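Peer 1:
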Amino acid sequence: MKGKKLLIFLTIFFLLSFIYIDFKLSNFEKDVRNEIIKMRIFRYILVITSGMVLTSSGAVMQILFKNPLLDSYVLGISGGGLFGFILSSVYFKGNLLISIFFSFFFSLLSALISLSFSSNIKSDRKVSILISGLLVNILFSSLVIILSIFSKRDITFLFYALMGSFNHIFISKNLFLYISFFVTIILTTVFIIFKSKELDIMSIDEDIASTSGVNVKKNFFFILLIIIYQTSLIVSFVGMVGFVGIIIPNILRMAGVVKSKDLISGSFLGGASLILVADFISKYSFSFEIPIGVVLSLFSLPFIFWIVKNNFE
Amino acid sequence: MERLKNFSFIFLFFISNFLNAQRIISFAPNITETLFFLSYDRYLVGRTSFCNYPKNTEKIEIAGSFIDIDYEKVVSLKPDIVFFSGNLTDKSEKFLKEKNIKYYDIKMEKIDDITKGIDSIIKIVGKDYDTSKVEKIRNKILGIKKLGKDQKVLIEVSEKPFIIATSSSYIGSILKLFGFKIFEDEKPYINFSYENILSFKPDIVIFMHSFKNGKDKYSILKNFDKIKFVFLDDEKIDIFSRSGPRVIDAIDIIERDFCER
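Those protein sequences? They're chains A and B, same order as listed. Counting along the first sequence from 1, when you hit position 147 you're at 147 in the working numbering, and nothing is skipped either side. In short: position in the second sequence from 1, add 1000, done, that's the working numbering.
1) Suppose contacts are defined by Cβ-Cβ distances below 7 Å. Is Ile129/A in contact with Phe65/A by that definition?
2) What does the alpha-carbon distance come out to for the pair Asp1119/B and Tyr1104/B?
3) Do you know how far the Cα of Leu147/A is from the Cα of Lys93/A?
4) Give a yes or no on whether the minimum CB-CB distance between Ser297/A and chain B is below 7 Å.
5) So, for Lys1102/B: in the same chain, excluding its five sequence neighbours on each side, which residues have a beta-carbon less than 6 Å away from its beta-carbon?
6) Going by Cα to Cα distance, which pick from Met202/A, Ile234/A, Ile208/A, Ser141/A is closest to Phe104/A?
7) Does the Cβ of Glu1033/B have 16 or more other Cβ atoms within 10 Å, making it buried, or fewer, making it exposed?
8) Around the C-beta of Lys1201/B, are 16 or more other C-beta atoms found within 10 angstroms, so that it is buried, or is it exposed?
9) Helix, strand or coil, according to DSSP, for Ile41/A in the structure here?
10) Smallest Cα separation from Tyr1189/B: which of Gly1179/B, Thr1089/B, Ile1067/B, Glu1156/B?
11) In angstroms, rounded to a whole number, what distance separates the CA positions of Asp1225/B and Phe1240/B?
12) Using the Cα positions of Ile1015/B and Asp31/A, report the straight-line distance between them to the nearest angstrom.
13) Residues in its own chain within less than 6 Å of Val1322/B by CB, not counting five upstream and five downstream?
14) Measure the CB-CB distance between Ala278/A and Val295/A and report whether it falls below 7 Å.
15) Quick one: give me the first and last residue of the beta strand (DSSP E) that Tyr1129/B is part of.
16) Should Asn1030/B go down as buried or exposed, given a rule of 16 or more other Cβ atoms within 10 Å for buried?
17) Residues of the stretch 1043-1056 of chain B in Cβ contact with chain A at a cutoff of 9 Å, in chain order, please.
18) Kindly list the residues whose CB is nearer than 7 Å to the CB of Asn1087/B, restricted to its own chain and excluding five residues on each side of it in sequence; keep chain order.
19) Quick one, which residues of the stretch 21-40 of chain A are near chain B if we go by CB-CB under 7 Å, in chain order?
20) Since Arg1047/B is in the alpha helix (DSSP H), which residue starts that stretch and which ends it?
21) If you count every other CB in all the chains shown that lies within 10 Å of the CB of Glu1072/B, and 16 or more means buried, which is it?
22) Strictly below 8 Å CB to CB, what residues from chain B border Ile340/A?
23) Please identify, using Cβ separations under 7 Å, the residues of the stretch 143-164 of chain A that lie next to chain C, in order along the chain.
24) How about the stretch 1137-1154 of chain B and the stretch 1168-1186 of chain B: do they share at least three Cβ pairs that are nearer than 8 Å?
25) To the nearest angstrom, how far is it from the Cα of Phe9/A to the Cα of Leu252/A?
26) Any beta-carbon of chain B closer than 7 Å to the one on Glu289/A?
27) Counting only beta-carbon separations shorter than 7 Å, does Val1075/B have a partner in chain A?
28) For the candidate residues Asp1203/B, Lys1236/B, Ser1219/B, whose alpha-carbon lies nearest to that of Lys1228/B?
29) Please compile the residues from chain A whose C-beta is within a distance smaller than 9 Å of the C-beta of Asp1233/B.
30) In whole angstroms, what separates the C-alpha of Ser203/A from that of Asn219/A?
31) Could you say if the stretch 259-268 of chain A and the stretch 192-203 of chain A meet the contact criterion of at least three C-beta pairs nearer than 8 Å?
32) Quick one: what's Gly1064/B bridged to in DSSP?
33) Can you give, in chain order, each stretch of the alpha helix (DSSP H) that sits fully within the stretch 208-254 of chain A and has at least 4 residues?
34) For Asp1068/B, return the contacting residues in chain A, with the cut-off set at a CB-CB distance below 7 Å.
35) Rounded to whole angstroms, what's the CA-CA distance from Phe1211/B to Phe1162/B? Just pull it up for me.
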């Protein structure tokens, strides 16, 4: 995305951001407005970071697996991450660092199980990875429900964890950790963008990539590891948010974006904007906040049906 | 001179009350009812969308629902005290601690907890109240007579899934005081089955939901024709599920509608 198009897109994005933070602010008394703005800015950062990470990781996974229907949710990584997060919050009483470590460990485990399942399914690679991801997701979602029942969690917690919500409570004493996580996400994303040339070659053919001097296996697992880390981090804050990683990269491809670098960077803006709008709807459309996953599913399903129709004939 | 004295006293009383004005949010309908009952509604600035009794609650701003709390609203209402009644979640606790807002979880699960709960609320709010009103509740509960004659009462809370209220529930604890036999369990609400109906053999079935065909399943019992079925309307359902000052109404309803004289 270059020149005029980028400018229009950025203008829309900043307009959305302004509406998101400023919405009905005048309804609040002057002395609490700053506090409300502070709360909204924290949430806004979480929303756009999640949108960027989930969408770009979806784009990268689609390149790695040559499958337009993949993202961290479909592969079961989110399910594993959520299970790890809840497991640690039960045993370690909400220590954020330990929770994220657990979330990362179980995300990694779920990805490995998915890959191992898919290699044992005698079917087209595109289909087998989807089926195995689906099975792993069901497995970990069920484990999350069982764990929540045993730990006597309230049902609303489960409701929002399984369908995602940005209504996170930020604790001021954890500010340094939040900044550290944010920095690691930026650094790892920049690293992936640096690897986009290799991704381009890998997306064509593995043999061509090998003869071009690209270490396919090493790159594949290293990039996958980064995606797992990023996803587990987001899942620890917002729960399971699906489909956004499928929609935006596919829209970009439809718009003629082919290069990995453009696809990933385009996914940043697209993902952040989509999640921003979805969160706005989830926050203000009813008298209570509905999970973000509900809004995204309603938006995404017709589009996903269209992708399946065109890719799995 | 006496008049001036009285006037000064009343004036100072109002001023002191105004200066010590508390701002309260209630996240439980039974607490909201209790605050109104104690005339503490003048301090109430927020409630849930479920708090609908008494009618004046409509004037109070909604700060949350049955699903989640509107945290922005809570901040904007600048509360001094936030009340819960067994529904305080980890997330809400984290938020209130972060914002340095005092919060209290007043559990009033059974009939015995009501006066204790009211006393706790009075102590926390620390304002004057009508002592005769609280005494009336105390006396009403103490005055309950065993009119139930060991009749077995089954309280249906929902049809699908089939859930009943046990002796540990609020309504169960009231009926138990009246001498009715309620299904015993540590948990206030449990899943029930047809096998349980056959073994419990209720004499009275109370429906706390609106599914009118619910009584069909009791036709498996030999004494089906003798079973008394009681369908509670929405107002009565609220009275029997919100442990608070309307316990007086609950006791009156049981004496009037459930007990044979």
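Ideal Cβ placement from N, Cα and C applies to all residues, glycine included. Keep in mind the model is a prediction, meaning the values are calculated, not measured.
Peer 2: Considering the structure as presented:
1) By 1-based counting over the first sequence, the position of residue 129/A is 129. By 1-based counting over the first sequence, the position of residue 65/A is 65. Result yes, Cβ atoms of Ile129/A and Phe65/A sit closer than 7 Å.
2) Position 119 of the second sequence holds residue 1119/B. Position 104 of the second sequence holds residue 1104/B. In a straight line, the C-alpha of Asp1119/B is about 13 Å away from that of Tyr1104/B.
3) To locate residue 93/A, count along the first sequence from 1; it is residue 93. To locate residue 147/A, count along the first sequence from 1; it is residue 147. Between Lys93/A and Leu147/A, the C-alpha separation is close to 14 Å.
4) Against the first sequence, residue 297/A aligns to sequence position 297. Not an interface residue.
5) For the purposes of this step, residue 1102/B is taken as the residue at position 102 of the second sequence. The residues are Ile1081.
6) Here residue 104/A refers to the residue found at position 104 when the first sequence is read from its first residue. With distances taken between Cα atoms, Phe104/A lies closest to Ile234/A.
7) On the second sequence, residue 1033/B is found 33 positions in, with the first residue counted as 1. Buried, since its Cβ has 16 or more Cβ neighbours within 10 Å.
8) What you label residue 1201/B is simply residue 201 of the second sequence in a count that begins at 1. By the neighbour-count rule (16 or more Cβ atoms within 10 Å), Lys1201/B is not buried but exposed.
9) In the first sequence, the residue the question calls residue 41/A occupies position 41. Annotated three-state conformation of Ile41/A is helix, per DSSP.
10) Working through the second sequence from its first residue, we reach residue 1189/B at position 189. Comparing Cα positions, the closest option is Glu1156/B.
11) Against the second sequence, residue 1225/B aligns to sequence position 225. Against the second sequence, residue 1240/B aligns to sequence position 240. Taking the straight line from one Cα to the other gives about 26 Å.
12) Locating residue 1015/B in the second sequence gives position 15, where the first residue counts as 1. Locating residue 31/A in the first sequence gives position 31, where the first residue counts as 1. Per-residue confidence for Ile1015/B stands at a pLDDT of 49, beneath the threshold of 50, marking its modelled position as unreliable; the derived number appears in the next sentence. Answer to the nearest angstrom: the Cα atoms are 24 Å apart.
13) Residue 1322/B cannot be examined here, being either before or after the span of chain B that is shown, 1001 to 1261.
14) One-based indexing of the first sequence puts residue 278/A at position 278. One-based indexing of the first sequence puts residue 295/A at position 295. Closer than 7 Å, so yes.
15) Here the question's residue 1129/B lines up with position 129 in the second sequence. Counting along the chain, no beta strand (DSSP E) covers Tyr1129/B, and no H or E run does either.
16) Here the question's residue 1030/B lines up with position 30 in the second sequence. Buried: at least 16 other Cβ atoms inside 10 Å.
17) Of all residues in the stretch 1043-1056 of chain B, Ser1049 have a Cβ within less than 9 Å of some Cβ in chain A.
18) Mapped onto the second sequence, residue 1087/B falls at position 87. Within its own chain, the residues whose Cβ lies closer than 7 Å to the Cβ of Asn1087/B, once the five positions on either side in sequence are excluded, are Phe1027, Ala1028, listed in chain order.
19) Phe28, Glu29, Val32, Glu35, Ile36, Met39
20) Stepping through the second sequence from its first residue, residue 1047/B is reached at position 47. Looking at the DSSP string, Arg1047/B is not in any alpha helix (DSSP H); the run it does join, the beta strand (DSSP E), is 1044-1048.
21) For the purposes of this step, residue 1072/B is identified with residue 72 of the second sequence, where counting begins at 1. The residue is buried, with at least 16 neighbouring Cβ atoms inside 10 Å.
22) Nothing can be reported for residue 340/A, as the shown portion of chain A is limited to 1 through 313.
23) As a matter of chain content, chain C is missing from the structure shown, whose protein chains are A and B.
24) Contact between the stretch 1137-1154 of chain B and the stretch 1168-1186 of chain B is present: 3 or more CB-CB pairs across the two stretches fall below 8 Å.
25) Position 9 of the first sequence holds residue 9/A. Position 252 of the first sequence holds residue 252/A. The alpha-carbon atoms of Phe9/A and Leu252/A are separated by roughly 13 Å.
26) Position 289 of the first sequence, counted from the first residue, corresponds to residue 289/A. Output row for Glu289/A: interface = yes.
27) Position 75 of the second sequence, counting from 1, holds the residue named residue 1075/B. Output row for Val1075/B: interface = yes.
28) The residue given as residue 1228/B occupies position 228 in the second sequence. Comparing Cα-Cα distances from Lys1228/B to each of Asp1203/B, Lys1236/B, Ser1219/B, the minimum goes to Asp1203/B.
29) Taking the second sequence and counting its residues from 1, one reaches residue 1233/B at position 233. Neighbours of Asp1233/B on chain A: none; closest Cβ ~24 Å, over 9 Å.
30) Counting from 1 along the first sequence, the entry for residue 203/A is found at position 203. Counting from 1 along the first sequence, the entry for residue 219/A is found at position 219. Near 12 Å, if we compare the C-alpha coordinates of Asn219/A and Ser203/A.
31) yes
32) Taking the second sequence and counting its residues from 1, the one referred to as residue 1064/B is at position 64. Answer is Thr1048/B, Ile1069/B.
33) 216-238, 244-254
34) Translated into positions along the second sequence, residue 1068/B becomes position 68. Here the neighbours are Thr156, Asn167, Phe288, Glu289.
35) Stepping through the second sequence from its first residue, residue 1211/B is reached at position 211. Stepping through the second sequence from its first residue, residue 1162/B is reached at position 162. Each residue's Cα considered, the two are about 11 Å apart.
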